[in-house]
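In my numbering, the protein residues as written are 22 to 238.
All C-beta atoms, glycine included, are put in the ideal place defined by N, C-alpha and C.
Since we're looking at a predicted model, the values are computed, not measured.
These notes concern the structure reproduced below.
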Amino acid sequence: MIQLNNVFKFYRTQGHTKVVLDHVSCVFDSTRSYGLLGVNGAGKSTTLRLIAGTELPNSGTVRRSVRVSWPVGFGGGFHPQMTGRENVHFVARVYGADIRQVTEFVEDFAEIGDYMDVPFKTYSSGMMARVAFALSMAIEFDVYLVDEVTAVGDARFARRCEQAFAQRRKNTGLILVSHSMATIKQYCEVGGVLVDGQLFMFDNVDKAIELYNRVNR
Numbered sequence: 022m023i024q025l026n027n028v029f030k031f032y033r034t035q036g037h038t039k040v041v042l043d044h045v046s047c048v049f050d051s052t053r054s055y056g057l058l059g060v061n062g063a064g065k066s067t068t069l070r071l072i073a074g075t076e077l078p079n080s081g082t083v084r085r086s087v088r089v090s091w092p093v094g095f096g097g098g099f100h101p102q103m104t105g106r107e108n109v110h111f112v113a114r115v116y117g118a119d120i121r122q123v124t125e126f127v128e129d130f131a132e133i134g135d136y137m138d139v140p141f142k143t144y145s146s147g148m149m150a151r152v153a154f155a156l157s158m159a160i161e162f163d164v165y166l167v168d169e170v171t172a173v174g175d176a177r178f179a180r181r182c183e184q185a186f187a188q189r190r191k192n193t194g195l196i197l198v199s200h201s202m203a204t205i206k207q208y209c210e211v212g213g214v215l216v217d218g219q220l221f222m223f224d225n226v227d228k229a230i231e232l233y234n235r236v237n238r
């Protein structure tokens, strides 16, 4: 279970205050798949980072009683001076995973060959995405967080990503941010819509899409 308790999150830029979550309380069941909707700038990605723990609320608490992933495919946590292999080893240690198994999975899945042993900063954006996605799949979580990205790379690699993600999702929960209603319907059973700092939750994803469409007119 993931629980938001009276979470208040805002940013101040150039004298303007942008409220993302205005004292929001809600519960995400780790056995279900959620679609998180909202217009551009509503705060969907920020909410995902709060759930992941990579960003903190200004007040209130986010409680996680399950193992929650970082946003799938996110490579922002990699150290540019370290090699791909060193980054993979570091993340595996942080999550208490078997370093050898995780490394072997990433090497096989990412298919970047000798680049595993060169600094991450030398990678192309495509190579970074391959390693980031592979590492996301190499470590098992109870809930996966996905921010728009479910597949990367060429068509063949994209299919492998979709297959790996589908396999992981059989026994896990999901919180997905996307502007694609087709993607939301494909992956999610329930939904939430961010509107002016409030999060409206629906047991039916179609009802969430209906509200999003009204707000997005």
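1) Could you say if the stretch 126-139 and the stretch 56-69 meet the contact criterion of at least three C-beta pairs nearer than 8 Å?
2) By Cβ distance below 6 Å, which residues in the same chain neighbour His44 in space, the five residues on each side in sequence not counted?
3) Between which two residues does the beta strand (DSSP E) holding Gln24 run?
4) What residues match up with Tyr55 in a beta bridge as DSSP calls it?
5) How many whole angstroms separate the CB atoms of Leu69 and Leu156, which I take to be in contact at a CB cut-off of 8 Å?
6) Might you give, ordered along the chain, the residues of its own chain that have their beta carbon closer than 7 Å to the beta carbon of Tyr136, omitting 5 neighbours on each side?
7) Please determine if the stretch 223-230 and the stretch 181-199 are in contact, where contact requires at least 3 C-beta pairs separated by less than 8 Å.
8) Tell me which residue opens and which closes the beta strand (DSSP E) that His44 is part of.
9) Assign Gly194 to buried or exposed, taking buried as 16 or more other Cβ atoms, counted over all protein chains shown, within 10 Å of its Cβ.
10) Residues in its own chain within less than 7 Å of Gly218 by CB, not counting five upstream and five downstream?
11) Return the chain-ordered ranges of every beta strand (DSSP E) run that is complete within the stretch 135-169 and spans a minimum of 3 residues.
12) So is Arg33 buried or exposed if we call it buried at 16+ other beta carbons inside 10 Å?
13) Just the Cα atoms here: how many angstroms apart are Phe16 and Phe162?
14) So Cys209 and Ser54 are in contact, right, with Cβ under 8 Å, and what is the actual spacing, rounded?
15) Hey, could you find the ends of the beta strand (DSSP E) Gly98 is sitting in?
16) Buried or exposed for Gly74, please, with buried defined as at least 16 other CB atoms from any protein chain shown within 10 angstroms of its CB.
17) What residues in its chain sit with their C-beta under 7 Å from that of Thr52, if we drop five residues either side in the sequence?
18) DSSP three-state label for Leu220, please.
19) Please go through the same chain and pick out, in chain order, the residues whose beta-carbon is closer than 8 Å to the beta-carbon of Ser90, but skip the five residues on each side of it.
20) What span of residues does the alpha helix (DSSP H) with Thr67 cover, start to end?
Inspection of the coordinates gives the following:
1) no
2) Asn27, Phe29
3) 23-34
4) Ile196, Val211
5) The pair is not a contact, with the Cβ atoms about 17 Å apart (cut-off 8 Å).
6) Gly105, Tyr144, Met148
7) no
8) 37-49
9) buried
10) Val40, Val41, Leu42, Asp43
11) 164-168
12) exposed
13) No answer is possible for residue 16: the residues shown for the chain start at 22 and end at 238.
14) 5 Å
15) Element bounds for Gly98: n/a, residue is neither H nor E.
16) exposed
17) Gly194
18) strand
19) Ala73, Ser157, Ile160, Phe162, Val164, Tyr165, Leu166
20) 65-73
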